[in-house]
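Residues 11 to 151 in the working numbering are what the sequence shown lists, from first letter to last. Read the structure below first, then the notes.
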Amino acid sequence: MAAVSIRETGLATFLLDPPSQVLETIAPRSFGLCGGGVRKTCVVDGDTFWVDGTKIRIADINTPETSQPQCAEEAALGRKASLRLAELLSGTALDLRAADRDEDQYGRKLRVVERDGRSVGQVLVAEGLAHEWRGRRESWC
11 MAAVSIRETG
21 LATFLLDPPS
31 QVLETIAPRS
41 FGLCGGGVRK
51 TCVVDGDTFW
61 VDGTKIRIAD
71 INTPETSQPQ
81 CAEEAALGRK
91 ASLRLAELLS
101 GTALDLRAAD
111 RDEDQYGRKL
121 RVVERDGRSV
131 GQVLVAEGLA
141 HEWRGRRESW
151 C
């Protein structure tokens with residue numbers, strides 16, 4: 011994990027928006043897409059996954075819906091985002107960082123997920139498979 015340097019971020023930024031605390035580091039494992047039955051370690055969609063029986067919602071992004079897409083484009087992007095998330099989560103240690111609150115209204119743990127010091131969510135945004143979370147869903151259609 012890369013350390014955040016005050017020199018790199020600037021003192022004012024560091025003091026106003028300090029790096030969030032690592033709550034847990036997950037050892038490398040393989041993530042596939044969730045199917046029917048018990049969900050233990052798998053990807054639900056592009057921003058939600060299970061690890062060791064705990065459901066995690068990636069706090070810094072929103073991805074296209076896969077269960078109830080509003081259009082064919084959203085369905086296709088949702089599938090791509092889900093597959094890409096499985097790739098990004100697999101085979102390396104992951105740091106789960108604190109978000110602005112512990113859980114959402116559905117009981118999912120809200121976490122910023124980092125791989126090698128980089129936000130997995132921001133990787134998906136850069137690849138056009140996610141929007142930055144701005145407090146509401148944005149249309150994919």
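Cβ atoms here follow ideal geometry from the backbone N, Cα and C, with glycine treated the same way.
- Less than 8 Å separates the beta-carbon of T51 from that of R39.
- For V122, the enclosing beta strand (DSSP E) begins and ends at K119 to R125.
- For the 8 Å CB-CB criterion, T73 and A91 form a contact.
- For R67, the enclosing beta strand (DSSP E) starts and ends at T64 to I68.
- Around the beta carbon of E148, a 10 Å sphere encloses fewer than 16 other beta carbons of the protein chains shown; the residue is thus reported as exposed.
- At the C-beta level, S100 and F59 stay beyond 8 Å of one another.
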